[in-house]
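Q: For reference, the structure I am asking about is given below.
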Amino acid sequence: MASVAVLVTVVCVITTLCFQNAAGAPAAFEMGERYDDLLTRQQLDLKSMGCQPVLQKVVLADQLEVHDDLVDYRFFPEVVAVNRCLEECSFCGSHRLGKQKGHCLPDPENVTERPFIVFYIEGGERHYREVLVTEHASCSCR
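Here the sequence shown stands for residues -24 to -1, 1 to 118, numbered as in mature numbering (1 follows the signal peptide of the UniProt record, and there is no 0).
Spelled out as C-alpha cells, the structure:
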C-alpha cells in the first residue's frame, strides 16, 4: 500500500509541474502568430528593396584610364556618390515567397556619363578637370 501512495504522490507532483510549465509557455497558436508577423516583416523588407538605383561611393582614381595624366596628381575629391543599380541592394522576384527571379539591371537607355569636377595643385596653382562616371537613372528586373 505504501508503494501505491508514493506512486500517486509522484504522479500528482509531476502533473502539477507540467501544468505550471504549460501555463507559462505561449500557446502554439500564439507562436504561430508571432512567426507570421516575422514572416510578414521579412516580406515587406524584400518588397521595399525593389529594383531602383541607390547611391554608391565611387573612387574617382578607379575611373581614370591608364594613360590619363591625372593619375600622376593627387586630386580632390577622391570619391563621389552616384546612383547605380546594385544587385546586393535590390530584389527581383516574389517577395511573398522570398524567391529570387532575374536580376536588377540598369535600363540601357538611362545610363549616362555624369561629369564630376576635381582639382589638383601644380606649381602653386589650382587646376580643374572633369572626370566622367557612369550613373544609372533607372533599373528593371530582367
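By construction, the Cβ of each residue, glycine as well, lies at the ideal position given by its N, Cα and C atoms.
Between residue 66 and residue 25, which are expected to be in contact by the criterion C-beta below 8 Å, what is the C-beta distance as a whole number of angstroms?
A: As a working note, residue 66 is residue 90 in the sequence shown. As a working note, residue 25 is residue 49 in the sequence shown. About 6 Å separates the two Cβ atoms, so the contact holds.
Q: Relative to the alpha-carbon of residue 75, which residue among 12, 19, 100 and 9 has its alpha-carbon at the smallest distance?
A: Mapped onto the sequence shown, residue 75 falls at position 99. Ranking the options by Cα distance to residue 75, first place goes to 19.
Q: With DSSP as the reference, label residue 106 as helix, strand or coil.
A: Your numbering for residue 106 matches position 130 in the sequence shown. Residue 106 falls in the strand class under three-state DSSP.
Q: When burial is assigned at 16 or more other CB atoms within 10 Å of the CB, is residue 29 buried or exposed?
A: Here residue 29 refers to the residue found at position 53 of the sequence shown. Buried, by the Cβ-count rule.
Q: Determine the direct distance from the alpha carbon of residue 41 to that of residue 96, and round the result to whole angstroms.
A: Counting from one through the sequence shown, the residue named residue 96 turns up at place 120. Counting from one through the sequence shown, the residue named residue 41 turns up at place 65. Distance between the alpha carbons of residue 96 and residue 41 is about 17 Å.
Q: Going along the chain, which unbroken runs of the alpha helix (DSSP H) with 4 or more residues stay wholly within the region 59 to 102?
A: Listed in chain order, there is nothing to give.
Q: Between the alpha carbons of residue 62 and residue 81, how many angstroms are there, rounded?
A: Counting from 1 along the sequence shown, the entry for residue 62 is found at position 86. Counting from 1 along the sequence shown, the entry for residue 81 is found at position 105. Cα to Cα, residue 62 sits roughly 8 Å from residue 81.
Q: Quick one: is residue 111 buried, meaning 16 or more other Cβ sit within 10 Å of its Cβ, or exposed?
A: The residue you call residue 111 lines up with position 135 of the sequence shown. Buried.
Q: Which same chain residues end up closer than 8 Å to residue 90 when comparing Cβ atoms and leaving out the 5 residues on each side of it in sequence?
A: Walking along the sequence shown from the start, residue 90 turns up at place 114. Counting only Cβ-Cβ distances below 8 Å, and skipping sequence neighbours, we find 58, 108, 109, 110 and 111.
Q: Given this structure, state the Cα-to-Cα distance separating residue 37 from residue 116, to the nearest angstrom.
A: As a position in the sequence shown, residue 37 is number 61, starting the count at 1. As a position in the sequence shown, residue 116 is number 140, starting the count at 1. If I take the Cα positions, the gap works out to 29 Å.
Q: Between residue 103 and residue 114, what straight-line distance do the alpha-carbon atoms span, to the nearest angstrom?
A: Against the sequence shown, residue 103 aligns to sequence position 127. Against the sequence shown, residue 114 aligns to sequence position 138. About 34 Å.
Q: Counting along the chain, where does the beta strand (DSSP E) carrying residue 119 start and finish?
A: There is simply no residue 119 to check, as the chain begins at -24 and stops at 118 in what is shown.
Q: Thinking C-alpha only, which one of 72, 100 and 54 is nearest residue 12?
A: The residue labelled residue 12 in the question sits at position 36 within the sequence shown. Here the closest residue by C-alpha is 72.
Q: Give me whichever residues DSSP pairs with residue 112 in a beta bridge.
A: Start at 1 with the first residue of the sequence shown, and residue 112 comes out as number 136. Paired residue(s): 87.
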